[in-house]
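> Let me begin by handing over the structure; questions about it come next.
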Amino acid sequence: MMDLLIYLALGALAGTLSGLFGIGGGLVIVPVLITTFSIMGLSSDVYIHMAIGTSLATIVVTAASAIHNHHKRGNVDWPVVKRFAPGVIVGAYLGGMLADRIPAQSLGIVLGVFMWVIALQMLLSLKPDAGRQLPSPAGLLVSGGVIGTLSAMVGIGGASLSVPFLRYCSMAMQRAVGTSATLTLPLALAGGSSFIVNGWGSSGLPEWTLGYVYLPAFVGIVIASSQFVRVGAALGARLSQLWLQRAFALFLLFMGWQLLFNN
3 MMDLLIYLAL GALAGTLSGL FGIGGGLVIV PVLITTFSIM GLSSDVYIHM AIGTSLATIV
63 VTAASAIHNH HKRGNVDWPV VKRFAPGVIV GAYLGGMLAD RIPAQSLGIV LGVFMWVIAL
123 QMLLSLKPDA GRQLPSPAGL LVSGGVIGTL SAMVGIGGAS LSVPFLRYCS MAMQRAVGTS
183 ATLTLPLALA GGSSFIVNGW GSSGLPEWTL GYVYLPAFVG IVIASSQFVR VGAALGARLS
243 QLWLQRAFAL FLLFMGWQLL FNN
């Protein structure tokens with residue numbers, strides 16, 4: 003029961019922050035799950051992989067409503083999605099395979115570096131200027147593969163990478179966000195499936211797992227996060243976005259430090 007309450011609280015936090023900043027919950031879910039699984043005494047050989055796999059599984063559920071909302075507002079560039087998606091799907095599945103073959107300590111370092119990069123981008127408000135047009139279909143396929151691989155390896159939906167890329171390719175901000183949110187679903191499906199398949203039968207896994215997806219955490223996070231997105235959106239209208247962004251960046255810096263130096 004206590005574990006379920008922890009996962010509900012984590013889902014509430016992830017949903018609130020997603021509503022506040024428009025970010026995917028994976029940036030919150032992965033580091034907090036790593037800490038929670040460590041406290042539970044799970045094997046250090048699997049709990050980082052479990053945190054990533056479980057995060058991707060929750061993103062599958064939350065992405066569907068996001069797609070619907072962005073499509074209603076006309077913010078999805080469907081031709082770009084169709085050219086981008088095959089690379090994203092292949093890359094995300096490959097990301098799960100690579101993560102399974104990387105030792106937990108090394109995967110923690112990858113996560114820690116990624117969190118620091120995102121945190122510094124938020125602290126310094128670095129945003130790419132439009133510098134070129136969208137690449138050819140082959141270029142989008144390769145770009146999708148790279149984004150899918152990196153995103154699946156760290157358990158995020160990919161918007162942290164695809165939005166800056168699309169902005170650099172001269173896509174309007176709202177359309178870049180909507181298109182990236184739409185790509186989150188195939189990325190999370192492919193990446194989550196890869197973590198299930200590649201984690202199946204791994205030693206050290208607790209009960210109630212599908213590969214590297216821990217079902218109690220998945221259920222608790224999904225139930226709460228979907229309800230608290232609106233809470234975050236309401237708070238965002240009242241609070242200073244700048245200071246909230248800085249506070250979240252400091253959280254990422256702290257969690258990245260933990261992974262880099264205390265793992």
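Mapped onto this note's numbering, the consecutive letters of the sequence shown carry residue numbers 3 to 265. Using N, Cα and C, we set each Cβ at its ideal position, and we do this for glycine too. Here the structure is a predicted model, which is why all the values come from computation and not from measurement.
1) Buried or exposed for S227, going by 16 or more other Cβ atoms inside 10 Å?
2) Select from V62, P81, L15 the residue whose C-alpha is nearest the C-alpha of L189.
3) By how many angstroms is the C-alpha of G234 removed from the C-alpha of A11?
4) Just to confirm, are L191 and I91 a CB contact at a threshold of 9 Å?
5) Give the single residue among P33, M155, Y170 whose Cα lies nearest to the Cα of L128.
6) If the criterion is Cβ atoms closer than 9 Å, does the pair G150 and G193 meet it?
7) Please go through the same chain and pick out, in chain order, the residues whose beta-carbon is closer than 7 Å to the beta-carbon of A53, but skip the five residues on each side of it.
8) Taking one C-beta from the region 63 to 81 and one from the region 240 to 259 each time, how about it: are there three or more such pairs within less than 8 Å?
9) Taking C-alpha atoms, which residue in Q123, V199, G114 lies nearest to M99?
10) For L212, write down the residues that DSSP places opposite it in a beta bridge.
11) Below 8 Å, how does it come out for the region 106 to 123 and the region 63 to 74: are there three or more Cβ pairs, yes or no?
12) Taking DSSP as the reference, what is the three-state secondary structure of D79?
13) Is there contact here, the region 135 to 145 with the region 217 to 231, by at least three beta-carbon pairs under 8 Å?
14) So the alpha helix (DSSP H) K129 belongs to, where does it begin and stop?
15) May I ask you to report which of helix, strand or coil DSSP gives Q135?
16) Locate the alpha helix (DSSP H) running through P33, then write down its first and last residues.
17) Expressed to the nearest angstrom, what Euclidean distance is found between the alpha-carbon atoms of R103 and G206?
18) In or out: F167 buried (at least 16 other Cβ within 10 Å) or exposed?
19) Would you mind working out which of H51, G89, W202 sits nearest L113, comparing C-alpha positions?
20) To the nearest angstrom, how far is it from the Cα of L215 to the Cα of V82?
21) Exposed or buried, what is S108 when buried is set at 16 or more other beta-carbons lying within 10 Å of its beta-carbon?
22) As an exercise, report each continuous alpha helix (DSSP H) stretch of at least 4 residues that is fully enclosed by the region 90 to 165, in chain order.
23) Measuring alpha carbon to alpha carbon, tell me which of G93, F256, Q176 ends up nearest G159.
24) Residues in the same chain with beta-carbon distance under 7 Å from V165, minus the five sequence neighbours each way, listed in chain order, please.
Result, derived from the coordinates:
1) With 16 or more other CB atoms across the displayed protein chains lying within 10 angstroms of its CB, S227 is buried.
2) Comparing Cα positions, the closest option is V62.
3) If you take the alpha carbons of A11 and G234, they lie about 14 Å apart.
4) It is a contact, given that the beta carbons lie within the stated cut-off.
5) Checking every option, the nearest Cα to that of L128 belongs to Y170.
6) Contact: yes.
7) Sequence-distant Cβ neighbours of A53 in its own chain, meaning closer than 7 Å and more than five residues away, are V32, L35, I36, F39, G157.
8) With a cut-off of 8 Å, the region 240 to 259 and the region 63 to 81 do not count as touching, because too few Cβ pairs lie within range.
9) Answer by Cα proximity: V199.
10) As computed with DSSP, L212 is found in a beta bridge with V215.
11) Contact between the region 106 to 123 and the region 63 to 74 is absent: fewer than 3 CB-CB pairs across the two stretches fall below 8 Å.
12) In the three-state reduction of the DSSP assignment, D79 falls in the coil class, being assigned neither a helical nor a strand state.
13) Between the region 135 to 145 and the region 217 to 231, the count of C-beta pairs closer than 8 Å stays below three; the two stretches do not touch.
14) Unbroken run through K129: none, as it is neither H nor E.
15) In this structure, Q135 counts as coil in the three-state DSSP scheme.
16) First-last of the alpha helix (DSSP H) with P33: 28 to 41.
17) Their Cα atoms are separated by approximately 15 Å.
18) With 16 or more Cβ atoms within 10 Å of its Cβ, F167 is classed as buried.
19) Closest by alpha carbon: H51.
20) First, the residue type needs correcting, since residue 215 is Val and not Leu in the sequence shown. When the Cα atoms are used, V215 and V82 turn out to be separated by approximately 30 Å.
21) Flag for S108 reads exposed.
22) If you keep only unbroken alpha helix (DSSP H) runs of at least 4 residues inside the region 90 to 165, you get 106 to 125, 139 to 156.
23) When each option's Cα is compared against that of G159, the closest is G93.
24) Excluding positions up to five away in sequence, the list reads A178, V179, S182.
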